[in-house]
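Using the working numbering, the first residue of the sequence shown is number 49, and each one after it goes up by one.
To start, the structure under review is shown below, and the notes come after it.
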Amino acid sequence: MVFSSINPTPEQLENHYKGYGRNDYLSPITIKRYHEILDSFEAVRKTNRILDVGCGIGYFLDVAKSRGWEVYGTEYTDSAVKICGDKGIIMHAGALNPQNYTAESFDVITSFEVIEHINTPNEEIARIFSLLRKGGYFYVTTPNFNSLLRYYLGPKYNVIGWPEHLSYYTPKTLSALMQNHGFNKIWVQSTGISITRFLTSRSPQTSKNPEEGTEFVSAHTDDEKLRTRFESNALMALAKKTINNLLTLVGKGDALKGLFQK
């Protein structure tokens, strides 16, 4: 397990996350992916409650709400909590606190690019487990520390950054974390190679932090242009699927995605 040996203070974290952008570009392709993820959740839809931990400004929960889910979220900053609240998302500020909810009341809990920011993963996953009903799903994404780009770029790899990212996962350590807390693994995938990540890691001056709503997240990035081409061409879509299957097989894609069941 790879992690930062220096823990930031609450003040350092608060100051850092105040700088997060709140007008990030939302790709139509990402919306399509959200619907595909939500399609897979229909099999366990009983209480109709879904919680997104660290939900940003609520893009995923917006889509879930449009499909009739009762949506809940957590975020640290007051601005994000207000934006989500104005959208009709039931919000709680700060870290995930089981006392804010009824135990075992959620069909689904999601965590998109969040657990790498947390320096107490055992406690976090235990809290998530306690809030899921028996048979419920936990869907999680996080950067893959075993990615090809990390090996190639070494210390220039801009996923590695303090105090932003404190814990770094591989397919093996992500699976172990979940299984140690009682989850059953449905699947873990390791997909994608980010051209934009490669370019901004080699030339940091071309972009600020990729999660601050800068040009790293826009319709004009190389990644988004490539995604659009893959999406509009059946042959390229098949090639992408084949590449992602190979990356998952060897565990070397940029992104880790996992679906686990209680």
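Backbone N, C-alpha and C fix where the C-beta goes; we use that ideal spot for every residue, glycine too.
Q) When we look at the beta-carbon of GLU237 and count the other beta-carbons within 10 Å, is it buried (16 or more) or exposed? A) The identity of residue 237 in the sequence shown is Gln, whereas the question assumes Glu. Looking at its Cβ environment, which holds 16 or more other Cβ atoms inside 10 Å, GLN237 is buried.
Q. Whose C-alpha, out of PHE177, TYR185 and HIS213, is nearest the C-alpha of ASN167?
A. HIS213
Q | Spatial distance of ARG245 from TYR216 (CA atoms) | A | 16 Å
Q. Secondary structure at TYR124, three-state DSSP: helix, strand or coil?
A. coil
Q) Any chance the stretch 122-140 sits against the stretch 186-202, with 3 or more Cβ pairs inside 8 Å? A) no
(Q) Can you tell me whether ILE128 is buried or exposed? The criterion is at least 16 other CB atoms within 10 Å of its CB, across all chains shown. (A) The question names Ile, yet the displayed sequence has Ala at residue 128. With 16 or more Cβ atoms within 10 Å of its Cβ, ALA128 is classed as buried.
Q: Assuming LYS66 and THR125 form a contact by the criterion Cβ under 8 Å, report the distance between their Cβ atoms to the nearest whole angstrom.
A: 6 Å
Q: Can you say whether VAL111 is buried or exposed, counting buried as having 16 or more other CB atoms within 10 angstroms of its CB?
A: buried
Q | Through-space distance from LYS289 to VAL207, alpha-carbon basis | A | 24 Å
Q. How close, in whole Å, do the beta carbons of ILE85 and TYR187 come, if the pair is a contact with beta carbons under 8 Å?
A. 7 Å
Q | Contacting residues, own chain, Cβ-Cβ under 6 Å from ARG93 (five flanking each side not counted) | A | ASP155
Q | Pairwise C-alpha distance: PRO58 and ALA141 | A | 14 Å
Q. Is MET49 helix, strand or coil by DSSP?
A. coil
(Q) Buried or exposed, going by whether 16 or more other CB atoms sit within 10 Å of the CB of SER255? (A) Below a pLDDT of 50, predicted positions are generally treated as unreliable, and SER255, at 47, falls in that range; no measurement from the model is reported.
Q) If you draw a straight line from the alpha carbon of ASN63 to that of PRO211, how long is it in whole angstroms? A) 10 Å
Q.
My parser needs the beta strand (DSSP E) runs of 3 or more residues fully inside the stretch 162-223; what are they?
A. 180-191
Q: Excluding the 5 residues preceding and the 5 following GLU172 in the sequence, name in chain order all residues of the same chain whose CB lies nearer than 6 Å to its CB.
A: ILE166
Q) Does DSSP put ALA267 in a helix, a strand or coil? A) coil
**Q.** Contact under 7 Å by Cβ, ALA144 with ARG175
**A.** Sequence check: residue 144 is Leu here, not Ala. Cβ atoms of LEU144 and ARG175: closer than 7 Å.
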